[in-house]
Amino acid sequence: GAVVSQHPSWVICKSGTSVKIECRSLDFQATTMFWYRQFPKQSLMLMATSNEGSKATYEQGVEKDKFLINHASLTLSTLTVTSAHPEDSSFYICSAPSASAREAQYFGPGTRLLVL
Amino acid sequence: GNSVTQMEGPVTLSEEAFLTINCTYTATGYPSLFWYVQYPGEGLQLLLKATKADDKGSNKGFEATYRKETTSFHLEKGSVQVSDSAVYFCALTGTASKLTFGTGTRLQVTL
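Residue numbers (this note's numbering), protein chains in the order written: chain A, 2 to 117; chain B, 375 to 485.
Right under this line is the structure:
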């Protein structure tokens, strides 16, 4: 089946620094990717939709300048958490849809971010 | 808008017990329905899906039937194993492939 990878899987950073998370579709092209955030013992919250060749679409309440998304190619989307603070510590997960909107999405393994 | 409601957990069962995790939804049109599973420290994996009414999705002994009349997609397994311990998410997809998730139900299976 289709595979989505994320890098890094785990990152610890100091408050005020920026962190970049990569999401790659390994064996298929994805014009759209989704970025989610998950707090401990909670469901996934959709942050934004990453669109290849155009600006990302952010969900209500998500700061565009805080969470920069770039969809550089048909197989790569990046999420940059700028000037990270401890409250940004979370589990970030990306996904890419299959060719059909009625089929499943393929999820990356997630990136755990800890901001000290 | 779309929404998914799951039974609250955690659900604790003994090995070989019968499992039911309830899921109901509200959606416009005819969404596809999914169950995803998340093992500790990992991302989500698709467990099963159903794309139209009366479809039954099944995988690894788990089953769920798309019930349009009751807007439900309950997850069942006849005999759970310790390795089934995880968090289970019911979800639906609407427009533009966006997924709407339920809150998740944690399952703990003990020997």
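Glycine is no exception: its CB is placed at the ideal position from the N, C-alpha and C atoms.
Given the structure is predicted, the values throughout are model-derived calculations rather than measurements.
Euclidean distance between Cα positions of residue i and residue j
i        : j        : result
A:Ala31  : B:Arg441 : 31 Å
B:Glu481 : A:Pro87  : Just to set this straight, residue 481 of chain B is Leu in the shown sequence, not Glu. Taking the straight line from one Cα to the other gives about 29 Å.
B:Val461 : A:Phe92  : 15 Å
A:Tyr59  : A:Met48  : 6 Å
B:Thr443 : B:Gly452 : A small correction: the amino acid at residue 443 of chain B is Glu; Thr does not occupy that position in the sequence shown. Looking at the two C-alpha atoms, the distance is approximately 24 Å.
B:Gly476 : B:Ser377 : 7 Å
B:Met381 : A:Pro110 : 25 Å
A:Thr83  : A:Gly17  : 8 Å
B:Thr394 : B:Thr439 : 12 Å
Assigned secondary structure, residue i (DSSP; H/G/I helix, E/B strand, else coil)
i        : result
B:Val456 : helix
B:Ser471 : helix
B:Glu389 : coil
B:Pro384 : coil
A:Pro98  : strand
Per DSSP, cross-strand counterpart(s) of residue i
i        : result
B:Thr402 : None, per the DSSP bridge assignment.
B:Phe408 : B:Lys423 and B:Ala465
B:Ala438 : B:Gly431
A:Lys21  : A:Thr81
A:Thr33  : A:Asn52
B:Thr394 : B:Glu450
So, does the region 62-77 of chain A touch the region 383-398 of chain B, judging by three or more C-beta pairs under 8 Å?
Taking a cut-off of 8 Å on C-beta distances, the region 62-77 of chain A does not touch the region 383-398 of chain B, as fewer than three cross pairs fall below it.
Listed in chain order, which residues of the region 472-484 of chain B have Cβ atoms closer than 8 Å to some Cβ of chain A?
Within the region 472-484 of chain B, Lys472, Leu473, Phe475, Gly476, Thr477, Gly478 and Arg480 place their CB atoms closer than 8 Å to a CB of chain A, listed in sequence order.
Interfacial residues, the region 24-54 of chain A to chain B, with Cβ spacing under 8 Å:
Contact annotation: in the region 24-54 of chain A, residues whose CB is within less than 8 Å of a CB in chain B are Thr33, Phe35, Lys42, Gln43, Ser44, Leu45, Leu47 and Thr50.
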